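This report concerns only the one structure given below.
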Amino acid sequence: GKVRAPTHIISTISDDRGEEPCYAGVPMSTIIENGYGVGDVISLLWFKRSLPRYCTQFIEICVMLCADHGPCVSGAHNAIVTARAGKDLVSCLVSGLLTIGPRFGGAIDDAARYFKDAYDRNLTPYEFVESMKKKGIRVPGIGHRIKNRDNKDKRVELLQKFARTHFPSVKYMEYAVEVENYTLTKANNLVLNVDGAIGSLFLDLLAGSGMFTNQEVDEIVGIGYLNGLFVLARSIGLIGHTFDQKRLKQPLYRHPWEDVLYTK
Ligand code: ACO
Ligand code: LMR
Numbered sequence: 345g346k347v348r349a350p351t352h353i354i355s356t357i358s359d360d361r362g363e364e365p366c367y368a369g370v371p372m373s374t375i376i377e378n379g380y381g382v383g384d385v386i387s388l389l390w391f392k393r394s395l396p397r398y399c400t401q402f403i404e405i406c407v408m409l410c411a412d413h414g415p416c417v418s419g420a421h422n423a424i425v426t427a428r429a430g431k432d433l434v435s436c437l438v439s440g441l442l443t444i445g446p447r448f449g450g451a452i453d454d455a456a457r458y459f460k461d462a463y464d465r466n467l468t469p470y471e472f473v474e475s476m477k478k479k480g481i482r483v484p485g486i487g488h489r490i491k492n493r494d495n496k497d498k499r500v501e502l503l504q505k506f507a508r509t510h511f512p513s514v515k516y517m518e519y520a521v522e523v524e525n526y527t528l529t530k531a532n533n534l535v536l537n538v539d540g541a542i543g544s545l546f547l548d549l550l551a552g553s554g555m556f557t558n559q560e561v562d563e564i565v566g567i568g569y570l571n572g573l574f575v576l577a578r579s580i581g582l583i584g585h586t587f588d589q590k591r592l593k594q595p596l597y598r599h600p601w602e603d604v605l606y607t608k
């Protein structure tokens, strides 16, 4: 038989050796001629399969909704300060991206993991939230600096509306809403945030589409695919903020002394 020399790299998502590049086995001409969108490309390159239209549409909605949230949030602020220090596009972008984490934009996989575990173990919202409190862990996907009960996050409502209309089941999202109802009894700003909405709804997408095993779902949230969605989406805004500052020829940023509490 054939003797295969050992390779240094294994790759399973794309192939550029033929006449045209293929994403998960699908040739580029098919992608273009069939009118595939960014959601389909993400499905092929991340999940290595074509997903139903409502799933790829949901992915695209997540990307659009998370593309930007104004100049004041952590990521945009970093990108703006870096642009004003005269740095190049890639430096501005990564400086913004580096703020994405457990408090800002990067709570999606943890939200999915904790909501799934609590739902699958039949914990009531009370039992779930109080057990997290005992462990000293904030509930990922809950809480916002400026959003609250009377000023709910429109992005969350839009995601919920889409999923309630198109998903076969939204059981994990409804559970997250029950958790929100409980946390709102504790404080006004403990709303289901956009990370929590995407996390719980992605569980519904993965489970409801029937295209993923339970083990694959655990792997997806374990590796951090869902935070990848926020990273991808917010890159659009961070690049926009960088261009904006450069276009406006903004000078070096220095934070005002008056806004610092100097203390011993
Ligand atoms: N679960 C339980 N209690 C909470 C939570 C939570 N998720 N968030 C806040 N609290 C309570 C705590 O009692 C906290 O006191 P502590 O500091 O002793 O823990 C108190 O509220 C006040 O907390 P603050 O830090 O002042 O709240 P803030 O409004 O600044 O925090 C934040 C907002 C960072 C989003 C917070 O709610 C949090 O950590 N949430 C979980 C992580 C998360 O989902 N991040 C994604 C946000 S959406 C986005 O970035 C796109
Ligand atoms: C965001 O999308 O950046 C936000 O939800 C975070 C914020 O503080 O507004």
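Counting from 1 along the sequence shown, just add 344 to a position and that's the residue number in the UniProt record's numbering. Positions of the beta carbon are idealized from the N, C-alpha and C atoms, including for glycine. Source: prediction; values computed, not measured.
What are the residues that DSSP puts in a beta bridge with residue i?
| i | result |
| --- | --- |
| V370 | Y367 |
| D359 | C366 |
| L536 | I486 |
So, are the CB atoms of residue i and residue j less than 8 Å apart?
| i | j | result |
| --- | --- | --- |
| G440 | F574 | no |
| G419 | I444 | yes |
| H510 | Y398 | yes |
| L409 | V538 | yes |
| D360 | G584 | no |
| T400 | G379 | no |
| L549 | F402 | yes |
| P446 | N525 | no |
| L442 | N422 | yes |
| F448 | V417 | yes |
| M555 | R393 | yes |
| S358 | P350 | no |
| V500 | A541 | yes |
| N492 | N532 | yes |
| A427 | K590 | yes |
| A577 | V407 | yes |
| G381 | E363 | no |
| P512 | G568 | no |
Exercise. Considering only residues of the region 455-498, which uninterrupted alpha helix (DSSP H) runs meet the minimum length of 4 residues and lie entirely inside it, listed in chain order?
Worked result: As far as the region 455-498 is concerned, its whole alpha helix (DSSP H) runs of at least 4 residues are 469-479.
Problem set entry | Distance cut 5 Å, beta-carbon to the ligand LMR heavy atom: residue list by chain order | Working through the chain, the matches are H413, V417, R489.
Exercise. Hey, which unbroken runs of the alpha helix (DSSP H) at 4 residues or more fall wholly within the region 424-460?
Worked result: You should have 433-441.
For this session: Would you check if the region 551-567 and the region 521-529 touch, i.e. whether three or more CB-CB distances between them fall below 8 Å?
Result: With the cut-off at 8 Å, the region 521-529 and the region 551-567 do not touch.
Exercise. Which ranges does the alpha helix (DSSP H) cover as unbroken runs of at least 4 residues, wholly within the region 545-587, from first to last along the chain?
Worked result: Entirely contained in the region 545-587, the alpha helix (DSSP H) runs reaching 4 residues are, in chain order, 558-567.
Exercise. Any chance the region 541-559 sits against the region 425-443, with 3 or more Cβ pairs inside 8 Å?
Worked result: By the Cβ test, the region 541-559 is not in contact with the region 425-443, since fewer than three Cβ pairs between them sit closer than 8 Å.
Exercise. Taking one C-beta from the region 502-511 and one from the region 422-434 each time, how about it: are there three or more such pairs within less than 8 Å?
Worked result: In short, these stretches do not touch, since the Cβ pair count stays below three.
Problem set entry | the region 365-380 / the region 388-405 touching (three or more Cβ pairs under 8 Å) | Touching, yes, given that three or more Cβ pairs across the two stretches are closer than 8 Å.
Exercise. Are there three or more Cβ pairs, one per stretch, closer than 8 Å when the region 472-491 is compared with the region 591-600?
Worked result: The region 472-491 is not in contact with the region 591-600.
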